[in-house]
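Student: Take this structure first; my questions come after.
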Amino acid sequence: MTALAATVLRAEDKPMKEPSSDNLAPGLDRAVIGGGCFWCLEAIFQRLDGVKHVTSGYAGGHTKNPTYEEVCTHTTGHAEVIQIDYDPKKISYGKLLHVFWQAHDPTTLNRQGHDIGDSYRSVILYANEAQKKEAEKSIAEEQPNWKDPIVTQVAPLEAFYKAEVSHQDYYRLNGNKNPYCQIVIRPKVEKLEKKGVIPKE
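Laid out in structure tokens, this is it:
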């Protein structure tokens, strides 16, 4: 995170010792995406009807069991991502990607606003061939809406590491405390509310 977004992790906030293997509830599907700070995406996707749970974490890199501090050094290869458990009968993977494009700028390489580095890259990590094809199709459909080329990485998901407890449900718990939430996340959430992309709480 930038200095503005920095937070002190409590001693008990330990990362997962192994890749997250939380069982997916029957009838649900799972998506993993990244587009800058995971606090931002988490705050947006939690609002969507059909999304049952959003988990912030790290994925796409080579370091096992990464900590937040390690990911911030931009040496692990991991991106800040969210894992979305959703009901495909209520919301499709394609719809999630539609919201994804509106929730960040997919044309800036390794950067979202003041958050700079490969951990903030735009990325879609697919779990199967169907998700890969849907992601590639979505990019092709979205490109005409942007002046510059979309640089979103599309890659297979090899492991998802759940972030420390202090990063989970961050905006809901800290929206009125952390200046980063006020300056960066809130305007983005309010913009999507006005556009009708996400419902107001």
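Heads up: the sequence shown begins at 15 in my numbering, then just goes up one per residue.
For each residue, glycine too, the CB sits at the ideal point set by N, CA and C.
Remember, predicted model here, so these are calculated numbers, not experimental data.
1. Ignore the nearest five residues each way along the sequence and tell me which others in Gly127's own chain have a CB closer than 6 angstroms to its CB.
2. With the cut-off set at 7 angstroms, would you say Tyr107 and Glu172 are in Cβ contact?
3. In angstroms, rounded to a whole number, what distance separates the CA positions of Tyr175 and His76?
4. Three or more C-beta pairs closer than 8 angstroms, one from the stretch 55-64 and one from the stretch 120-137: is that the case here?
5. I believe Leu139 touches Ala57 by the beta-carbon criterion, under 8 angstroms. Please report the beta-carbon distance rounded to the nearest angstrom.
6. Express the C-alpha separation of Gly41 and Asp119 in angstroms, rounding to a whole number.
7. For a quick check, are the C-beta atoms of Thr90 and Glu83 less than 7 angstroms apart?
8. Whole angstroms is fine: what's the gap from Lys28's alpha carbon to Thr69's?
9. Can you list the alpha helix (DSSP H) stretches of 4 or more residues lying completely in the stretch 48-87, in chain order?
10. Measure how close the beta-carbons of Glu150 and Val168 come, nearest whole angstrom, since I'm counting them as under 8 angstroms.
Tutor: Walking through what the data contain:
1. Residue mapping note: residue 127 aligns to position 113 of the sequence shown, counting from 1. Closer than 6 angstroms at Cβ, skipping near neighbours: no residue.
2. As a first step, residue 107 must be located in the sequence shown, where it is residue number 93. As a first step, residue 172 must be located in the sequence shown, where it is residue number 158. Cβ atoms of Tyr107 and Glu172: not closer than 7 angstroms.
3. Residue mapping note: residue 175 aligns to position 161 of the sequence shown, counting from 1. Residue mapping note: residue 76 aligns to position 62 of the sequence shown, counting from 1. Roughly 11 angstroms separates the two Cα atoms.
4. Judged by Cβ distances under 8 angstroms, the stretch 55-64 makes no contact with the stretch 120-137, as fewer than three pairs qualify.
5. Your numbering for residue 139 matches position 125 in the sequence shown. Your numbering for residue 57 matches position 43 in the sequence shown. Their Cβ separation, rounded to whole angstroms, is 20 angstroms, which puts Leu139 and Ala57 out of contact at 8 angstroms.
6. In the sequence shown, the residue the question calls residue 119 occupies position 105. In the sequence shown, the residue the question calls residue 41 occupies position 27. One C-alpha to the other measures close to 31 angstroms.
7. Indexing the sequence shown from 1 puts residue 90 at position 76. Indexing the sequence shown from 1 puts residue 83 at position 69. Taking 7 angstroms as the Cβ cut-off, Thr90 and Glu83 do not qualify as a contacting pair.
8. Residue 28 sits at position 14 when you count from the first residue of the sequence shown. Residue 69 sits at position 55 when you count from the first residue of the sequence shown. Because the pLDDT at Lys28 is just 46, under 50, the model does not fix this residue reliably, and the point stays unresolved.
9. 52-59 and 82-86
10. For the purposes of this step, residue 150 is identified with residue 136 of the sequence shown, where counting begins at 1. For the purposes of this step, residue 168 is identified with residue 154 of the sequence shown, where counting begins at 1. The beta-carbon separation of Glu150 and Val168, rounded to 6 angstroms, stays under the 8 angstroms limit for a contact.
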